[in-house]
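Participant:
4 protein chains.
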Amino acid sequence: MKHSAMYSQIREKTYTIIFQTNTKAGRLFDLILLGFVLISVLLVMMETVADFNLKYHSYLITLEWIITVFFTIEYLLRIFSIDKPIRYVFSFYGIIDLLAILPMFASLFFTGYNILTVVRALRLLRLFKILNNPQFTSQSLKLKRALIASRGKIVVFIYFVLISTIIIGSIMYLIEGKESGFTSIPMSIYWTIVTLTTVGYGDISPQTPLGQFIASFVMILGYGIIAVPTGIVTAEINKYNKSRETQHQNPCGNCEADIYPSNAKFCPNCGHPIENN
Amino acid sequence: MKHSAMYSQIREKTYTIIFQTNTKAGRLFDLILLGFVLISVLLVMMETVADFNLKYHSYLITLEWIITVFFTIEYLLRIFSIDKPIRYVFSFYGIIDLLAILPMFASLFFTGYNILTVVRALRLLRLFKILNNPQFTSQSLKLKRALIASRGKIVVFIYFVLISTIIIGSIMYLIEGKESGFTSIPMSIYWTIVTLTTVGYGDISPQTPLGQFIASFVMILGYGIIAVPTGIVTAEINKYNKSRETQHQNPCGNCEADIYPSNAKFCPNCGHPIENN
Amino acid sequence: MKHSAMYSQIREKTYTIIFQTNTKAGRLFDLILLGFVLISVLLVMMETVADFNLKYHSYLITLEWIITVFFTIEYLLRIFSIDKPIRYVFSFYGIIDLLAILPMFASLFFTGYNILTVVRALRLLRLFKILNNPQFTSQSLKLKRALIASRGKIVVFIYFVLISTIIIGSIMYLIEGKESGFTSIPMSIYWTIVTLTTVGYGDISPQTPLGQFIASFVMILGYGIIAVPTGIVTAEINKYNKSRETQHQNPCGNCEADIYPSNAKFCPNCGHPIENN
Amino acid sequence: MKHSAMYSQIREKTYTIIFQTNTKAGRLFDLILLGFVLISVLLVMMETVADFNLKYHSYLITLEWIITVFFTIEYLLRIFSIDKPIRYVFSFYGIIDLLAILPMFASLFFTGYNILTVVRALRLLRLFKILNNPQFTSQSLKLKRALIASRGKIVVFIYFVLISTIIIGSIMYLIEGKESGFTSIPMSIYWTIVTLTTVGYGDISPQTPLGQFIASFVMILGYGIIAVPTGIVTAEINKYNKSRETQHQNPCGNCEADIYPSNAKFCPNCGHPIENN
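Chains as they are written, first to last, in the working numbering: chain A, 1 to 277; chain B, 278 to 554; chain C, 555 to 831; chain D, 832 to 1108.
1. Can you give me, in chain order, the residues of the segment 198 to 222 of chain A that have a beta carbon less than 9 Å from any beta carbon in chain C?
2. Is the beta carbon of Ser184/A closer than 8 Å to that of Thr879/D?
3. Which bits of chain A does Pro1060/D rub up against, with CB to CB less than 7 Å?
4. Only counting the same chain, and skipping five residues up and downstream in sequence, which positions put a Cβ closer than 7 Å to that of Ser40/A?
5. Report the rounded CA-to-CA distance for Thr305/A versus Val37/A, giving the unit in angstroms.
6. With three or more C-beta pairs closer than 8 Å as the rule, is the segment 345 to 363 of chain B touching the segment 280 to 291 of chain B?
7. Give me the subset of the segment 165 to 182 of chain A whose CB atoms are less than 8 Å from a CB atom of chain D, sorted by chain position.
8. Taking the alpha carbon of Gly754/C as the point to measure from, which residue in Phe767/C, Met773/C and Ile768/C has its own alpha carbon closest?
9. Assign Pro916/D to one of three DSSP states: helix, strand, or coil.
10. Please go through the segment 941 to 1021 of chain D and give each complete alpha helix (DSSP H) segment of 4 or more residues, from N-terminal end onward.
11. Listing by chain order, which chain C residues have their CB less than 7 Å from the CB of Thr298/B?
12. Taking all protein chains shown into account, decide if Asp928/D is buried (16 or more other Cβ within 10 angstroms of its Cβ) or exposed.
13. Can you pull the chain B neighbours of Thr749/C, defined as C-beta to C-beta under 8 Å?
14. So is Glu64/A buried or exposed if we call it buried at 16+ other beta carbons inside 10 Å?
15. By the three-class DSSP mapping on this structure, what secondary structure does Gln297/B have?
16. Could you say which of Leu1052/D, Pro916/D and Met876/D lies nearest to Ser995/D if we only look at CA atoms?
17. Which same chain residues end up closer than 8 Å to Ile232/A when comparing Cβ atoms and leaving out the 5 residues on each side of it in sequence?
18. Taking CB distances under 8 Å as the criterion, tell me whether Thr234/A reaches chain C.
19. Tell me the rounded alpha-carbon separation between Lys696/C and Ile702/C.
20. Please list the segments of the alpha helix (DSSP H) lying wholly inside the segment 878 to 912 of chain D, counting only runs of 4 or more residues, in order along the chain.
21. List the endpoints of the continuous alpha helix (DSSP H) containing Ser493/B.
22. Cβ of Ile309/B less than 8 Å from any chain E Cβ?
23. Using the Cβ count rule (16 or more neighbours within 10 Å means buried), how would you classify Ala769/C?
24. So is Arg489/B buried or exposed if we call it buried at 16+ other beta carbons inside 10 Å?
25. Residues of chain B with CB closer than 9 Å to the CB of Ile739/C, please, in chain order.
26. If you follow the alpha helix (DSSP H) that Pro296/A is in, where does it begin and where does it stop?
27. Under the three-state reduction of DSSP, which class applies to Asn277/A: helix, strand or coil?
28. Could you tell me the alpha carbon to alpha carbon distance between Asp882/D and Tyr436/B, rounded to whole angstroms?
29. Three-state secondary structure (DSSP) at Asp651/C?
30. Enumerate in chain order the residues of its own chain whose CB-to-CB distance from Ala654/C is below 6 Å, with the five nearest sequence positions on each side excluded.
31. Could you check how far apart the C-beta atoms of Ala106/A and Val44/A are, in whole angstroms? I think they sit under 8 Å.
32. I'd like to know if Ser40/A contacts chain B, where contact means its C-beta is closer than 8 Å to some C-beta of that chain.
33. Please name the residue in Leu127/A, Ser8/A and Ile166/A whose C-alpha comes closest to that of Gly35/A.
34. Distance, Cα to Cα, Thr208/A vs Phe217/A?
35. Roughly how many angstroms lie between the CA atoms of Ile615/C and Leu1041/D, to the nearest whole one?
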């Protein structure tokens, strides 16, 4: 396929605006897109509020179509300007972008309304793109690293918590019985999770003295073991902070010491000047 | 403008008493003011308790006027004694001080009562001034610094939590429907926040088995991710503590830098040898 | 006053048994006393359970009198055996010990029953004595030290939280009004504390959309700022752990280095043997 | 006792499959067993859901018998293949394995149904075996070590919390009285635990202004002291992480000790000079 120079230039320009964030036009486009996504998510929400929808239904539908058209143009421009359109279409964000426009067109043919409404809400997944913003990337990377490093301990912890909830749930089912709302073991387990995590709805609560005694024990347990995931994550972040500050630098050119403050100009071990990297 | 010496002296004295905290009279004034602010806030509160207000309305009004007059005199003295009165009047505390007296005078002319009552409650913002007290300043500075340093990570965290609540809220709306109180997506999101933060009012709670299953998942998620902000802030405070600790050493004899590792033999700032103490 | 040798010997023996914990008889006495205190606290509790009290009232009273007599003898023996009885009588534990026996004798003369019952519950304050046990002392000292060291930061934090609750409470009172249970500002503040601390009874909960929006904000705030006290205490314990491990030792006899592992036998700086203390 | 070579070989093979996890067949057996345990626990749960049980009772019973037969064969094979069968039978997991099959056989003779159902739920204790998996062992060991190291502090903390709940419970009983649901001191203590751990069911909540004031205090206390166990566990994990980090160095050339400060020049264990890497 052969392209004229002008066509190629427009395509390149479009790519820069839509996909990149380091030009003025690119940033402006991102900001407008962010606004449209937020408005469209808000539209989906408000449509489910009966009173509001009744009053302003026609406005909501109109706005919805404006946004859908905008998103459709944007989607087509993305396919047009990118080098490997197929790869984009089947990527995570490609599918999300498509799901943002399909439900509205589908609503022309189907009346199975409710699910279409919520599929449209998936648009907000596009908001995750913002985390790719360089301003946030380093922060979210640190968090992600700390969470990944503590993955093993957290899996063991959740495994232990889940088995505990099943055991406690079974015991409470035996003690409380159906009168207090503990109608089945799954229901009892649901209660145990509600209590252990200190949520405490109060839709089910123990009525017998023994049940309340065990419930007290579960609460204190739940109150105490929150310390475990917190301790795990904190220690990971701590470790990361420490290692970043003290060692990952170029060693001293004279004595090869590699542990010094990040802002050191001279090696604290031999006094040799340190070259900045 | 020319002032007599005596006028200037009174003005200076007034300034010392009202604005400064390092003289005996200044501290006494601060203490009395604190007492008046506390009493006036208490008055505003008690006025809204129907039974109490009915019984003691005249006492409350009388006390209120006494305090308003005191605050008015104080406000005028502040304007009188300070060098740049305009700057004070439009400063944060200047506006707060004015709002502390205006509503009472306004109540003479207007009967739109309720809002005026609460505007008076803004007086308690004056209590924040206490945090300027040198005793607290260093402590609140440390906290502020730790919070500012972890700002980036916390923004990413809250952003992630908010998007999660919208997604979970939309799913719960689909599953539970209007019978269980999940009347709209905003209502569902409200429920998700109530659950994720482990508050758990119980005014809305899932009724279907699938809804309760997802709710259990949300609770365990909420119970677990509290670890993240805690870990972030703890690590910041830790880091600050650590860097401060390496500071309590004898400063470098050459450049007076006093932050270096405890085992440093040469100043990392200027390369000068460090004498051990 | 002159005492016979035998009298003095009995007195000394009694003192050892009652006040000290390092002899076999002393430990046994402490254990029996602990048992009696626990039983007596249990008695007070069970007496308030209507059904139980109705059935076993006479047993409860009999047991109560046995324990009161035992406590009375113990109290008299304490006064008899200690060197400065007056000081003991007016000490914290002296008063607690007296309050443990007075209500029962008072109940012979007065029928103002309820308060006497609960005064007896103060006996359990005697349980705090166990924390003087050398096994626990070091642990509770560490905790106490960490809490005292973080006192300043915690005061600032609670001060900030209290002012926030008053402000948020006033705003919610304005928004929600009396229909939703926000009947007065103090009631609104109570709701704010219930929500901010993630307790969430659900006896009062916002009904208006705006109220629920602000409530969501309060919940996320409460969920987030729990990180602050946790971070403060953790950092203190951390600091204490670190300083205890590395520095509070006798310095090396040769090079005076005082930072080495607690189990070091040779100075890691100059290789000189370290004398254990 | 003399065994034929083939018998001995089968026995050995069986042992490898059932008890070991480092062969392909052993891992497969473990996976199948895990599946069966999960299904059987699910069966027990679903049997207690009235609607579900009514519809599918015969299927549930059939599946239950299939699993019971499988578990019985497995149990017999374990006894057959292990060297010291008596020791296995009376070990923790031996008893659990027996309890997994007994109730079903017992249900043939007895109709005291409910308890048998739940005894069967004990099967899920077999899931704890997974934690013996080498993948998890190191992680759960670390957690266990941190929890054991902080045991002393946690005991003191819980002791303190329990005494506090009794005192606060007694006071609330006096203030609120029977009208608000605070029917007895144990009930009041139950409420205190529900509040202090920030669970907050709302089945009992204070109605008097004074009661609500004290409740607010309890909530802020509960909100604050969660910092203590969290701080304890975090500091322990931190300490462990730290000590482990100073370990990843080259061991001492003389005594092979590998735990010393990173800047050590001489081994703190034997005084031998350390070569830097």
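We put the beta carbon where it would ideally sit given N, CA and C, even for glycine.
Facilitator: Short version:
1. Thr198, Val199, Gly200, Tyr201, Gly202 and Pro209
2. yes
3. Gly224 and Ala227
4. Ile67 and Arg123
5. Chain A is shown only over 1 to 277; residue 305/A falls outside these bounds and no answer can be derived.
6. yes
7. Ile166, Ile167, Ser170, Ile171, Tyr173 and Leu174
8. Met773/C
9. The answer is helix: DSSP assigns Pro916/D an H, G or I state.
10. 944 to 952, 965 to 980 and 982 to 1007
11. By Cβ distance, chain C contributes nothing, its closest Cβ being about 17 Å from Thr298/B, past 7 Å.
12. buried
13. Val476
14. Glu64/A should be labelled buried.
15. In the structure shown, Gln297/B sits in coil (DSSP, three-state: anything other than H, G, I, E or B).
16. Leu1052/D
17. Ser150, Lys153, Ile154 and Phe157
18. It does: the Cβ of Thr234/A has a partner Cβ on chain C nearer than 8 Å.
19. When only Cα atoms are considered, Lys696/C and Ile702/C end up about 10 Å apart.
20. 881 to 912
21. Pro486 to Ile502
22. Considering every chain present, this structure includes no chain E. Its protein chains are A, B, C and D.
23. Flag for Ala769/C reads buried.
24. Sequence inspection shows Gln at residue 489/B; the Arg mentioned does not correspond to that position. With 16 or more other Cβ atoms inside 10 Å of its own Cβ, Gln489/B counts as buried.
25. Val321, Met322, Met323, Glu324, Thr325, Val326, Thr394, Val395 and Ala398
26. Residue 296/A lies beyond the range of chain A shown here (1 to 277); nothing can be said about it.
27. Any reading at Asn277/A must be qualified, since the residue scores a pLDDT of 40, below 50, and its modelled position is unreliable; no value is offered.
28. 42 Å
29. helix
30. Phe625 and Arg677
31. Not confirmed; about 14 Å, so no contact.
32. Cβ-Cβ to chain B under 8 Å: no for Ser40/A.
33. Leu127/A
34. 14 Å
35. 31 Å
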